[in-house]
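**Q** Below is a structure I'd like to ask you about.
Chains as they are written, first to last, in our numbering: chain Z, 51 to 376; chain X, 42 to 586; chain L, 5 to 331.
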């Protein structure tokens, strides 16, 4: 691996990690505190999935916004604050639109919220949409593509036709129509809308590759060993396809993140106060003339992560990828 | 290479198609006298959206309303202070205990095609509105109480109402259609719906879809020829492009956000080129609390009062709007009904809010930090409109204020049709929206508060109060202005107590105008919508131009 | 050749039917209330709605609406816009040339920049310039188009004043003048739209040229004394096929991207019309546009197949075989 590819992979992994750990990295609640004699971890309680383990009713009702002095003494005291001691939703109207400084490394937005905290939390949402939509697209695409070959015949023809039809709709148009039809906004409608327009490439690729292997030695021997269609695909073909699919998926994640930011820009994004990079950008439009930082930092995050995703995918592409006929 | 040359051919063909789509519309030079003349010039004004139709009767959106008022002429209009002033009607009087309204039309008024405008055109326009086939929803309200309309002669229109109807004049701000042209065509698909002919100060020149509408001054206008020769309404869908277009000198007007206002009014390079204007418009924000019992929170007036006390509207206007707005001290804009000196509007007071919530049975649960009543947590969703940053910003500030009180408010952002559908169905707990009332107090409150408007109307809160119902009906029938004001004061006071809607604030309209432009006076309705408005606007001519 | 074309067109008929069915299925979900369209976002009373009761009763249910829509579509009639009452076909026709022109210009700009870039990269693979160039293109791909648009507008139109900021030009006195004005207006939006395509095309170009450069005919050509440039020409001609294929994959993306670009640059194209119609729930226009974009992509695929035949005679036999298989 070239050093720049290694850097790219590192950036992507770091972003994923930052997204997952956002509540611990940026929070106005302490990582570790003593609440009425017991140890509590209020910031950890906001982590996805594992958060439950750290949930402490006692810590929930503490007013962590209280002046720091009152939290240094007595039965309740802060032991360890996150590196960015602000929450993505902590509004401080008197601090609105402060330029980057020692206390706010990326400055603050129009409501006085720390931008670094918002960009960190935005990573989790942008990546959730990116990876979620791609995972869903992979699932649908792989299943339909593989099923088409395994079942064959009329079923195959129908799937191929269906893929042809869906692939004709420009992704942005399809996602927008889907979300308007649903009449709801949020993470999941967006994930579904984007996946809906992204699975066709994968289905086509999977079908093409499996067709290429059909009749080959692997296929024949697996069949001879009594492997059924599903087993054949999952046990024997999936490992073969894993690497190229990962490449396709990386581009898919990048595309989904771009779509998300575009939808957010047009007002079809997630509801506030949840930040995504696209929605932070959209919010910053009105203050562009007075403050560059609310536009610059999320854009920079987008550019760095997207470029890294593409660079990582490109370096992993076997033999510089062949052009598949669409 | 062959593909390249093929694309070359395609390019040429497309360019030809596009060019033929560009109509040549060099400004018609209506007697532009070089030198000292005050007349002449082009005023370019941006519109965020495009009108659906320019038919004066079926037009319902704001851009269409603006064009209608410029191309068309109405019997009456409102001036800068929202007073009703004569336009096509020289005078009018009420008789028959307020049930009969008689208009006397101005003599010698002609449509842009030279055909005279008579009372028959007024009658024709009225009949088009009430014909259900034309679904003129926006115009119907003021005409439904009409019993009959007679035209004793060419210059007299007599309207008989079923009961004394105080807001009657508002409906007659409707521009008059040319009967002789429309009669020969299908009303809804007529070509005049996209190329209107009226009798107003500006003649319609062209409408290039997605691009602009061009109007030219009507030299024969009875009220005097407008100073500006050409009025160009350009469709620019985004706010930031609009402002940049002003900076680049492509248009003459742009609205600013409070942050932009702060940045630019301090910049001498900007103020040298542009004049800045700020004024309080009729637009205001409110939150509707669905009070019909479909949720356990908001059917209780105490809870609604607590919500009003919890929201820090003053702080929002001060910090986020940079003071460029006014917290509603009553539900009426001061120009529509001056504030009652005796009223005591609810102000931010979290302690009082907490006490009210405790009293209403919503007590803080030490386990979760949320308030609960009968086991149910105080957790609801506020619907907001996705089209404006103010909606999102205020709702997030409100969310933080409520969180401190132990209330978990979620925010769901929807585009207007989706939000509208939920409001219509009553499928929501609370919703933040905004509205621009017309000039009459009845228009502000009747639709939102009268119980008859719960189904099918816009009483989204599902609010029902017999006293307010009675006063609303009284306000409609009270011909005496004093009695009317007193009636609406009572309504304002009771609404402040019951808080079916919490009226938030009036944001100021912040605008920058090219220094070439003089003679505009802002009214709560806008810079060019009020009468005579744009007719008085002048463009300083370039030296030698 | 003609027989192939006929077969190819016939084989896209099922896809066309599928496209219209899917358009139905997705847009059937659009909540559609005539009161909303009539009110235009304005105000009205319960009494006014009551007054229109007879009209509301005349409104068809969704099934009946679709049936009549489908029948009309067969006659080539897309219905009328609910918003302004104009025939949908005419509404779309006034916006379509702009979007087509914008997309065509972007495609030309994408290829015009990316192909030489790829050629350069392939001729000196692994050099610092090659690696920097690729990194630059990837960075450009990653810049969100709206951020790029605002930046370009700010610099080239507002600060420097070199180019018009938005909109489309008036017709000038001469055709040449109009073309120049048009080019100046379309330059910034075209660049914005092209940003995301460069990296992709350059990547394919580089890969294709690298494999072509390795082939022996080039050595022969060079040996025969052809200049480096002429030799490159041979390479480009030999690798035209994958580029054409690529065209079919980037055009749908461009069509989607033009929604945002047209919005920011106030271009009266189809993308902006689509957004306006979705926001107004002007259902016939949304259906018409969705259908149109899908049909255009389909037509693009058809065009690609035809271009194959034109560009590379060797493919002709293969394609013919394939289409016989499918039939």
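The C-beta atom is built at its ideal place from N, Cα and C for all residues, glycine as well.
Near residue 58 of chain Z, what residues of its chain come up, given a Cβ to Cβ distance below 6 Å and the 5 sequence neighbours on each side ignored?
**A** By 1-based counting over the first chain, the position of residue 58 of chain Z is 8. These residues qualify, in order along the chain: 358, 361, 362.
**Q** Among all the DSSP beta bridges, which residues are the ones paired with residue 367 of chain X?
**A** Start at 1 with the first residue of the second chain, and residue 367 of chain X comes out as number 326. Looking at the DSSP assignment, residue 367 of chain X forms a beta bridge with X:547.
**Q** Start and end of the alpha helix (DSSP H) containing residue 87 of chain X?
**A** Locating residue 87 of chain X in the second chain gives position 46, where the first residue counts as 1. Per DSSP, residue 87 of chain X belongs to no alpha helix (DSSP H); it is in the beta strand (DSSP E), 83 to 88.
**Q** Closer than 9 Å, CB to CB, is residue 165 of chain L near chain Z or not?
**A** To locate residue 165 of chain L, count along the third chain from 1; it is residue 161. Chain Z, which has no Cβ nearer than 9 Å to the Cβ of residue 165 of chain L, makes this no.
**Q** Of the choices X:101, X:345, X:168, whose alpha-carbon is the least far from that of residue 40 of chain L?
**A** Here residue 40 of chain L refers to the residue found at position 36 when the third chain is read from its first residue. Per the Cα distances, X:101.
**Q** In chain L, which residues lie with their C-beta within 8 Å of the C-beta of residue 349 of chain Z?
**A** In the first chain, counting from the first residue as 1, residue 349 of chain Z sits at position 299. The contacting residues are 147, 148, 151.
**Q** Do the CB positions of residue 422 of chain X and residue 444 of chain X come within less than 9 Å of each other?
**A** Translated into the one-based positions of the second chain, residue 422 of chain X becomes position 381. Translated into the one-based positions of the second chain, residue 444 of chain X becomes position 403. It is not a contact, given that the beta carbons lie outside the stated cut-off.
**Q** Touch check for the segment 175 to 191 of chain X and the segment 47 to 58 of chain L: three-plus C-beta pairs under 8 Å?
**A** Yes: the two stretches touch, three or more of their Cβ pairs being nearer than 8 Å.
**Q** Which of the three DSSP states, helix, strand or coil, is assigned to residue 437 of chain X?
**A** Looking up residue 437 of chain X in the second chain gives position 396. Residue state, collapsed to three classes: helix.
**Q** Going by other Cβ atoms of all chains shown within 10 Å of its Cβ, with 16 needed for buried, is residue 305 of chain Z buried or exposed?
**A** In the first chain, residue 305 of chain Z corresponds to position 255, counting from 1. It counts as buried.
**Q** What residues of chain X sit near residue 47 of chain L, judged by a beta carbon separation below 7 Å?
**A** For the purposes of this step, residue 47 of chain L is identified with residue 43 of the third chain, where counting begins at 1. Going along chain X in sequence order, the residues near residue 47 of chain L (Cβ under 7 Å) are 179, 488, 499.
**Q** Short of 8 Å in beta carbon distance, which residues of its chain neighbour residue 137 of chain X, apart from the five on each side in sequence? Order them along the chain.
**A** The residue labelled residue 137 of chain X in the question sits at position 96 within the second chain. 201.
**Q** Can you list the residues of chain L that residue 185 of chain X reaches, using a CB-CB cut of under 7 Å?
**A** On the second chain, residue 185 of chain X is found 144 positions in, with the first residue counted as 1. The answer, in chain order, is 51, 52, 55.
**Q** Considering only their Cβ atoms, is the gap separating residue 251 of chain X from residue 276 of chain L smaller than 9 Å?
**A** Position 272 of the third chain, counted from the first residue, corresponds to residue 276 of chain L. Position 210 of the second chain, counted from the first residue, corresponds to residue 251 of chain X. Result yes, Cβ atoms of residue 276 of chain L and residue 251 of chain X sit closer than 9 Å.
**Q** Residues of chain L with CB under 8 Å from residue 276 of chain X, in chain order?
**A** Position 235 of the second chain, counted from the start, is the residue given in the question as residue 276 of chain X. Per Cβ cutoff of 8 Å: 270, 272.
**Q** When the Cα atoms are used, what is the spatial distance from residue 282 of chain L to residue 245 of chain Z?
**A** Counted from its first residue, the third chain places residue 282 of chain L at position 278. Counted from its first residue, the first chain places residue 245 of chain Z at position 195. Going from the Cα of residue 282 of chain L to the Cα of residue 245 of chain Z covers about 20 Å.
**Q** List the DSSP bridge partners of residue 534 of chain X.
**A** Counting from 1 along the second chain, the entry for residue 534 of chain X is found at position 493. Per DSSP, none; premise fails for residue 534 of chain X.
**Q** For residue 166 of chain L, count the other beta carbons within 10 Å of its own beta carbon; 16 or more makes it buried, fewer makes it exposed. Which is it?
**A** Taking the third chain and counting its residues from 1, the one referred to as residue 166 of chain L is at position 162. Classification for residue 166 of chain L: exposed.
**Q** Do three or more CB pairs link the segment 134 to 151 of chain X to the segment 253 to 269 of chain X at distances below 8 Å?
**A** Judged by Cβ distances under 8 Å, the segment 134 to 151 of chain X makes contact with the segment 253 to 269 of chain X, as three or more pairs qualify.
**Q** Does any residue of chain L have a CB that is nearer than 9 Å to the CB of residue 104 of chain Z?
**A** Taking the first chain and counting its residues from 1, one reaches residue 104 of chain Z at position 54. No, residue 104 of chain Z lies away from the interface with chain L (no Cβ there is under 9 Å from its Cβ).
**Q** Given a cut-off of 9 Å on the beta-carbon distance, is the pair residue 292 of chain L and residue 82 of chain L in contact?
**A** Within the third chain, the letter at position 288 stands for residue 292 of chain L. Within the third chain, the letter at position 78 stands for residue 82 of chain L. Taking 9 Å as the Cβ cut-off, residue 292 of chain L and residue 82 of chain L qualify as a contacting pair.
**Q** For the segment 552 to 576 of chain X, which segments carrying the beta strand (DSSP E) assignment without a break, of at least 3 residues, lie completely within its bounds, in sequence order?
**A** The segment 552 to 576 of chain X contains no whole beta strand (DSSP E) run of 3 or more residues.
**Q** Using a beta-carbon distance cut-off of less than 9 Å, what residues from the segment 457 to 472 of chain X approach chain L?
**A** Listed by position along the chain: 457, 458, 459, 461, 462, 465.
**Q** Could you check whether residue 516 of chain X and residue 483 of chain X sit closer than 9 Å to each other, using their CB atoms as the reference points?
**A** One-based indexing of the second chain puts residue 483 of chain X at position 442. One-based indexing of the second chain puts residue 516 of chain X at position 475. Yes, the Cβ-Cβ distance between residue 483 of chain X and residue 516 of chain X is below 9 Å.
**Q** What residues are listed by DSSP as bridge partners for residue 12 of chain X?
**A** Residue 12 of chain X is absent from the model: chain X starts at 42 and stops at 586.
**Q** In chain order, what residues of the same chain have a beta carbon less than 7 Å from the beta carbon of residue 148 of chain L, not counting five sequence neighbours either side?
**A** Working through the third chain from its first residue, we reach residue 148 of chain L at position 144. Same-chain partners within the cutoff: there are none.
**Q** Would you identify the three-state DSSP class for residue 450 of chain X, choosing helix, strand or coil?
**A** Taking the first residue of the second chain as 1, we reach residue 450 of chain X at position 409. Three-state DSSP puts residue 450 of chain X in a strand.
**Q** Given this structure, state the Cα-to-Cα distance separating residue 330 of chain X from residue 542 of chain X, to the nearest angstrom.
**A** Reading the second chain from its first residue, position 289 is the one you call residue 330 of chain X. Reading the second chain from its first residue, position 501 is the one you call residue 542 of chain X. Their Cα atoms are separated by approximately 6 Å.
**Q** Quick one: residues in its chain with C-beta nearer than 8 Å to the C-beta of residue 312 of chain X, no 5 flanking neighbours on either side, listed in chain order?
**A** Position 271 of the second chain, counted from the start, is the residue given in the question as residue 312 of chain X. Around residue 312 of chain X: 305, 306.
**Q** On the CB-based measure, 16 or more other CB atoms within 10 Å of its CB, does residue 448 of chain X come out buried or exposed?
**A** Counting from one through the second chain, the residue named residue 448 of chain X turns up at place 407. Per the 10 Å Cβ criterion, buried.
**Q** From what residue to what residue does the beta strand (DSSP E) around residue 114 of chain Z run?
**A** Here the question's residue 114 of chain Z lines up with position 64 in the first chain. Careful: residue 114 of chain Z lies outside any beta strand (DSSP E) and carries neither H nor E.
**Q** Taking CB distances under 9 Å as the criterion, tell me whether residue 278 of chain L reaches chain Z.
**A** The residue labelled residue 278 of chain L in the question sits at position 274 within the third chain. Closer than 9 Å to some Cβ of chain Z, the Cβ of residue 278 of chain L qualifies, so yes.
**Q** Would you mind working out which of X:187, X:526, X:324, X:281 sits nearest residue 1 of chain L, comparing C-alpha positions?
**A** Any property of residue 1 of chain L remains undetermined from this structure, which presents chain L solely from 5 to 331.
**Q** Would you report the Cα separation of residue 290 of chain Z and residue 263 of chain Z, rounded to the nearest angstrom?
**A** Along the first chain, one-based indexing puts residue 290 of chain Z at 240. Along the first chain, one-based indexing puts residue 263 of chain Z at 213. Using only the alpha carbons, I get a separation of about 10 Å.
**Q** Look at the alpha carbon of residue 180 of chain Z and the alpha carbon of residue 382 of chain X, and state the distance between them as a whole number of angstroms.
**A** For the purposes of this step, residue 180 of chain Z is taken as the residue at position 130 of the first chain. For the purposes of this step, residue 382 of chain X is taken as the residue at position 341 of the second chain. Spanning the two alpha carbons is a distance of roughly 56 Å.
**Q** Can you give the Cα-Cα distance for residue 269 of chain Z and residue 156 of chain L, rounded to whole angstroms?
**A** Taking the first chain and counting its residues from 1, one reaches residue 269 of chain Z at position 219. Taking the third chain and counting its residues from 1, one reaches residue 156 of chain L at position 152. Distance between the alpha carbons of residue 269 of chain Z and residue 156 of chain L: 54 Å.
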